[in-house]
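Q: First the structure, which I've put down as structure tokens, then a few questions once you've had a look.
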Amino acid sequence: MKMIMKMAGILVSLTLIAAFATGCAGEKVKNQAKESAARYWQEKAYPGKSFDVQVIEAEKADGGMYRVKGIVDGETRTGTFNPETENFSEGYYSLAHERSKKIAELEQEVKYLKEKLDGLEKENYKMKVQLENKGKKE
């Protein structure tokens, strides 16, 4: 009877140790996912532009991946972390969003420069007319 109680105590202890070790491993991977996301957002995705990066959470997703959520300069970002390859990716959508945002900024700049060019051409034409009129008077 004592032997059975001892064995049961050992079995319970081993179960608790295994559960604790598994929980710690999960937290370790979550922290690794958060660190990888922060590094990606600071260095690769927005080099020199990401001044405020806050990684909010990392949760287990399908296929052994981890979904990471964060805020980069006030905009919410999500991405996936693969613990096997230690690779983080935001996916195509975020890159497409940033690309279209950059295109819109460039279009605004082109519009501004065209308006400025038109103004300078008008001013140049007025000066030419004034110069011609001065030449005729003399």
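Numbering-wise, the working numbering comes out as the position in the sequence shown, counting from 1, plus 32. Think of the CB as a built atom: it goes at the ideal place given N, C-alpha and C, for glycine as much as any other residue.
Excluding five sequence neighbours on each side, which residues of the same chain lie with their C-beta closer than 7 Å to the C-beta of Lys66?
A: Here residue 66 refers to the residue found at position 34 of the sequence shown. Excluding sequence neighbours, Lys66 sits near Val87, Ala90 and Val100.
Q: To the nearest angstrom, how far is the alpha carbon of Ala53 from that of Glu59?
A: As a first step, residue 53 must be located in the sequence shown, where it is residue number 21. As a first step, residue 59 must be located in the sequence shown, where it is residue number 27. Only weak support is given to the placement of Ala53: the predicted model assigns it a pLDDT of 42, under 50, and the question is left unresolved by the model.
Q: Out of curiosity, what's the CA-to-CA distance linking Ser68 and Glu137?
A: The residue you call residue 68 lines up with position 36 of the sequence shown. The residue you call residue 137 lines up with position 105 of the sequence shown. Approximately 29 Å between the Cα atoms of the pair.
Q: Check Gly58 in the structure and name its three-state DSSP category.
A: Position 26 of the sequence shown, counted from the start, is the residue given in the question as residue 58. Correct three-state label for Gly58: helix.
Q: Report the option in Gly102, Glu118 and Thr117 whose CA atom is closest to the CA atom of Gly111.
A: For this step, residue 111 is matched to residue 79 along the sequence shown. Out of Gly102, Glu118 and Thr117, Gly102 has the C-alpha closest to the C-alpha of Gly111.
Q: Grab the span of the beta strand (DSSP E) containing Lys92 for me, first residue to last.
A: What you label residue 92 is simply residue 60 of the sequence shown in a count that begins at 1. Val85 to Lys92 is the span of the beta strand (DSSP E), which, as asked, contains Lys92.
Q: How many Å lie between Ile135 and Asp105 at the Cα?
A: By one-based count along the sequence shown, residue 135 stands at place 103. By one-based count along the sequence shown, residue 105 stands at place 73. Straight-line Cα distance between these residues: approximately 19 Å.
Q: Does the distance from the C-beta atom of Tyr98 to that of Lys62 stay below 8 Å?
A: Along the sequence shown, read from residue 1 onward, the residue named residue 98 stands at position 66. Along the sequence shown, read from residue 1 onward, the residue named residue 62 stands at position 30. Yes, the Cβ-Cβ distance between Tyr98 and Lys62 is below 8 Å.
Q: Classify Asn165: buried if its beta carbon has 16 or more other beta carbons within 10 angstroms, exposed otherwise.
A: The sequence position of residue 165 within the sequence shown is 133, counting from 1. Flag for Asn165 reads exposed.
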